[in-house]
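This report concerns only the one structure given below.
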Amino acid sequence: MKVDENLIKKYSKTGPRYTSYPPATFFDENFSNIDFEKKIIQSNDENPQNISVYIHIPFCPQICHFCGCTTESGFTKPFLERYVDAVIKEITYVSKLINKNRKLTQIHWGGGTPNAISYKYIERITNKLYEVFDFSQNYEMAIECNPAHLEFRHIELLKKFGFNRISVGIQDFRNDVLNAINRKPSKLPIDDIIKKIKDEGFTGTNIDLVYGLPLQTVDSFKKTVEKAIDLNTERIVTFSYAHVPSVLPRQKILEKIGFPSSKEKALMYENSYEMFIKSGYVSIGMDHFSKPGDEFEIALKNKQLHRNFQGYCTRETTGQVYAFGASSISQLDSAYSQNIKNAAKYIAEIEKNNLAVFRGYSVIKEQKIVRDAINSIMCNYYLDINEIADKYFCSKEKVIEIIDFDPKRFEDFIFDGLLKIEKNKLTVFEKGRLFTRNIAMRFDPLIKQKVGTYSNTI
Ligand SMILES: C[S@@+](CC[C@H](N)C(=O)[O-])C[C@H]1O[C@@H](n2cnc3c(N)ncnc32)[C@H](O)[C@@H]1O
Ligand code: SF4
204 MKVDENLIKK YSKTGPRYTS YPPATFFDEN FSNIDFEKKI IQSNDENPQN ISVYIHIPFC
264 PQICHFCGCT TESGFTKPFL ERYVDAVIKE ITYVSKLINK NRKLTQIHWG GGTPNAISYK
324 YIERITNKLY EVFDFSQNYE MAIECNPAHL EFRHIELLKK FGFNRISVGI QDFRNDVLNA
384 INRKPSKLPI DDIIKKIKDE GFTGTNIDLV YGLPLQTVDS FKKTVEKAID LNTERIVTFS
444 YAHVPSVLPR QKILEKIGFP SSKEKALMYE NSYEMFIKSG YVSIGMDHFS KPGDEFEIAL
504 KNKQLHRNFQ GYCTRETTGQ VYAFGASSIS QLDSAYSQNI KNAAKYIAEI EKNNLAVFRG
564 YSVIKEQKIV RDAINSIMCN YYLDINEIAD KYFCSKEKVI EIIDFDPKRF EDFIFDGLLK
624 IEKNKLTVFE KGRLFTRNIA MRFDPLIKQK VGTYSNTI
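Here it is, written out as structure tokens:
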């Protein structure tokens, strides 16, 4: 896929990543613990019936300067213990509000670096989950791991605790790039880690790469992609580095070293896309690649891929997401609820009130329709007005009105060969995939309000 520089210039602007709709910048601090509790009870009668759980561990032994995640360093053992106790208290309280007949199908551990805390804590939390939720037979339990803290015995323990998927954060294989972002390299040779993960029977193994970091060149990133392909994992993600120093002051320090230009960044995207496709990977959503036969690829084929704060997921296995831990975001059908971001304040609030809501949002029916439209574009590269109308039991005219689906508003994209509109269907071409955030923004009535700071769309 050739990336057209003029198109990048034309469409490069800031915009939401649409991991939720409305985006988190719209969440309201008046949304309280009581509101969340009501929404959890309401969620029992909403779809889907199966449930997902997200566990956030906001601690890293060392903070990478590029990082956009909510995480802290310098924690002590007693503090970590209080944090784990708080997460367990929160799980116990919330699980009592959820109908017992709802199956738990997907569990995701993110951070921070969940694999850098003592494994006895991971075991305590997983044991609590087994105690209070009814795991479906083919549940998926995944964990994000930084290879700087990953040893063979850890992989064995994760298997023993019931994990079946591991995502390894690599970012780049070059030590000078890792040094520049204040990140330690893998403790063991990465090939041995990936082999051990496979030998232990984990499936859907993923590696994260980031392009646009200081000291990366177009050629060096090609070599990183070559090495990633050699590792032969089922999934690979290539994130475009999101630089938002006004929100994340830690990123400011990287400006002293400098970044690849937007032209170089586009070439990195283009080269990696071509290399992954040539070696048999299928492109999923904006930045994910998976092997044919992987659950992601099957979901894309069936137009059933969707997206949440944890990344892409398949409708088959994911449900409403109940999130635990500081800063974590629950994503129910009719609401979002985010916990207090600071770990010490989160612990204090849980110790007092069982819940620790910082802000949230009640989603109305019209916004669910916009959310579905955006999700369909971002994940499955198409939008069918009739399908959405059927799902929400309303007329297609109503859907067209809500998302302002007027072909005239897409003339620039059509002119540039990025998409086509036939009857009530919009299809994004391969050339348009880099611009899905821009296309999705046209359906978003809230975009005019310009609430919050976003990263560049490309
Ligand atoms: C919680 S981290 C992964 C787990 C672990 N802490 C690690 O670093 O390996 C989630 C992923 O988000 C991506 N990420 C973090 N900050 C980013 C940024 N500013 N722009 C783009 N991707 C970013 C990285 O690829 C990272 O692996
Ligand atoms: S990239 Fe991972 S290890 Fe680095 S600071 Fe972010 S969460 Fe921590």
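Residue numbering for the sequence shown follows my numbering, starting at 204 and increasing by one per position.
We put the beta carbon where it would ideally sit given N, CA and C, even for glycine.
Quick check on the burial criterion: 16 or more other C-beta atoms within 10 angstroms. Buried or exposed for residue i?
i	result
residue 391	exposed
residue 370	buried
residue 452	exposed
residue 574	buried
residue 232	exposed
residue 317	buried
residue 356	exposed
residue 276	exposed
residue 256	buried
residue 464	exposed
residue 460	exposed
residue 165	Residue 165 is absent from the model: the chain starts at 204 and stops at 661.
residue 533	buried
residue 598	exposed
residue 580	buried
residue 242	buried
residue 429	exposed
residue 295	exposed
residue 450	exposed
Does the separation of the CB atoms of residue i and residue j fall below 8 Å?
i	j	result
residue 254	residue 522	yes
residue 289	residue 312	no
residue 432	residue 482	yes
residue 674	residue 229	Nothing in the structure corresponds to residue 674, since the chain is present only between 204 and 661.
residue 334	residue 557	no
residue 393	residue 434	yes
residue 223	residue 539	yes
residue 585	residue 631	yes
residue 454	residue 269	yes
residue 374	residue 421	no
residue 367	residue 405	yes
residue 559	residue 553	yes
residue 267	residue 315	no
residue 484	residue 443	no
residue 282	residue 319	no
residue 745	residue 601	The structure shown does not extend to residue 745, since the chain is modelled only from 204 through 661, so no value can be given for it.
residue 364	residue 325	yes
residue 239	residue 298	no
residue 497	residue 372	no
residue 531	residue 245	no
Out of curiosity, what's the CA-to-CA distance linking residue i and residue j?
i	j	result
residue 388	residue 613	45 Å
residue 436	residue 493	8 Å
residue 417	residue 427	14 Å
residue 400	residue 608	46 Å
residue 582	residue 636	10 Å
residue 516	residue 448	29 Å
residue 628	residue 506	14 Å
residue 213	residue 322	49 Å
residue 572	residue 544	29 Å
residue 456	residue 380	14 Å
residue 343	residue 624	37 Å
residue 237	residue 210	47 Å
residue 307	residue 259	17 Å
residue 651	residue 415	28 Å
residue 438	residue 409	4 Å
residue 603	residue 648	12 Å
residue 578	residue 376	32 Å
residue 671	residue 576	No information on residue 671 is available, as it lies outside the stretch 204 to 661 that the chain covers here.
residue 219	residue 469	19 Å
residue 197	residue 548	Any question about residue 197 goes unanswered here, given that the chain covers just 204 to 661.
residue 596	residue 616	30 Å
residue 440	residue 590	29 Å
residue 305	residue 251	10 Å
residue 395	residue 477	27 Å
residue 446	residue 462	10 Å
residue 227	residue 221	9 Å
residue 385	residue 424	18 Å
residue 568	residue 309	25 Å
residue 502	residue 535	21 Å
residue 398	residue 284	32 Å
residue 286	residue 528	8 Å
Counting only runs that start and end within the stretch 396-478, where is the alpha helix (DSSP H) found for 4 or more residues in a row? Complete alpha helix (DSSP H) runs here, min 4: 421-434.
May I have a chain-ordered list of the alpha helix (DSSP H) segments no shorter than 4 residues that lie completely inside the stretch 263-351? Annotation: the stretch 263-351 contains the following complete segments of the alpha helix (DSSP H) (minimum length 4 residues), in chain order: 280-300 and 322-335.
Whole alpha helix (DSSP H) runs in the stretch 553-614 with 4 or more residues, listed along the chain? Here the runs fully enclosed are 568-583, 588-594 and 599-606.
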